[in-house]
Amino acid sequence: GNNSGGIRSRKGNYAEASFCYAPLTQKTYFISSPKYAEGLGSIYTGVVTENNSIVVAGEASATKMSRQKTRKIEIYRYEGHGNRFWESLCTAQFRELYALGTIHHDLYILGGQMKLKNQYQITNIVEKYSMEQENWRTLAPLPVPLACHAVVAVKNRLYV
């Protein structure tokens, strides 16, 4: 994050916080970021589920990646009830420049750029994670490969 002067914040400041804006009350809230304590190095995208849970996806920290055999997308959920903390929800096959969407209790990772052997390829793969059953499933692919795109959910449909 940046401070009020537009200068990049230092560790221990806004850089370790996530910002939440409530349009109805026009208030901004700060919550801890999953970036440091939980091992998430970079947050790339996020969604809010229909029960108002915040879900973010990104890449593991360098320390955590050094212990992994393969790179994965790390997905965390913010538990706003009780002690208010981030919990590791799941991991997914690594890719970059993907979109994350949600309908009901399911997360969707759509498209993105994947490294295959020594080259990058933009993909049309769609994967669904059931937060109730805690498993991933590959769905029908997108009609075209996409990267650097966005997705929104309207009336139980994802629009890319």
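Position 16, counted from 1, in the sequence shown is what the UniProt record's numbering calls 16; the numbers after and before it change by one each time, with no gaps.
Glycine is no exception: its CB is placed at the ideal position from the N, C-alpha and C atoms.
- By the 16-neighbour rule on beta-carbons within 10 angstroms, Y159 is exposed.
- V151 is classed as buried because its beta carbon has at least 16 other beta carbons within 10 Å across all chains shown.
- Scanning its chain for C-beta atoms nearer than 6 Å, with the 5 sequence neighbours on each side dropped, one finds around R71 the residues F94, in chain order.
- If you draw a straight line from the Cα of T138 to the Cα of E79, it is about 27 Å long.
- Taking the Cα of G112 as reference, the smallest distance to any Cα among N52, M131, Y44, V154 is reached at Y44.
- In chain order, I103 place their CB closer than 6 Å to the CB of N156, counting only its own chain and leaving out the 5 sequence neighbours on each side.
- Straight across, the Cα-Cα distance linking P34 with Y98 is about 20 Å.
- Here V154 is exposed, its C-beta having fewer than 16 other C-beta atoms within 10 Å.
- Relative to the Cα of I125, the nearest Cα in the group S53, A140, L100, H149 belongs to A140.
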